[in-house]
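> Going letter by letter, the sequence shown gives residues 85 to 187 in the working numbering. No residue lacks a Cβ here, since even glycine has one placed at the ideal position from N, Cα and C. Structure provided below as structure tokens; questions to follow.
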Amino acid sequence: MSRPLARLRVRLALALGAAEIRLRLRLPRLMRVLTRRPAERESPFAELVRIEADPAYRALFFAGLDAALEDRLATRTTVVEEIEAAAARLKALIRPGDHERAA
């Protein structure tokens, strides 16, 4: 990047920053509206209240929970089987009789 272009970028950034500060001082309401704010969060227990109060939502929630638990169990079972298979392969490599056969 050439030097004059770099200087122009710096000056432009400084000018925009100064303009933002002036706008914040002169038009605070407008700047408050234009500034992003985090979305308002629900109460931490809002979903729990909904689960307790709405039988249809409760059934849906528990069905999803059961499916997630079954998926997690299946994943863990698969991982354990893969580990056991890898351990068996390692044991087969380490057995004392295997060195004589390989030579």
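#1: Can you tell which of T119, R120, F145 has the C-alpha that lies nearest to the C-alpha of E131?
#2: Give the straight-line distance between the Cα atoms of L96 and P139, rounded to the nearest whole angstrom.
#3: Under 7 Å, do I135 and R142 count as touching if we go by C-beta distance?
#4: Name the two residues that bound the continuous alpha helix (DSSP H) containing F129.
#5: Give a single yes or no on whether P128 has its beta carbon closer than 6 Å to a heavy atom of the ligand ADP.
#6: Quick one: what does DSSP say P122 is sitting in, helix, strand or coil?
In brief:
#1: F145
#2: 59 Å
#3: yes
#4: Unbroken run through F129: none, as it is neither H nor E.
#5: The ligand ADP is not part of this structure, which contains no ligands at all.
#6: Looking at P122 - three-state DSSP - the assignment turns out to be coil, as it is neither helix nor strand.
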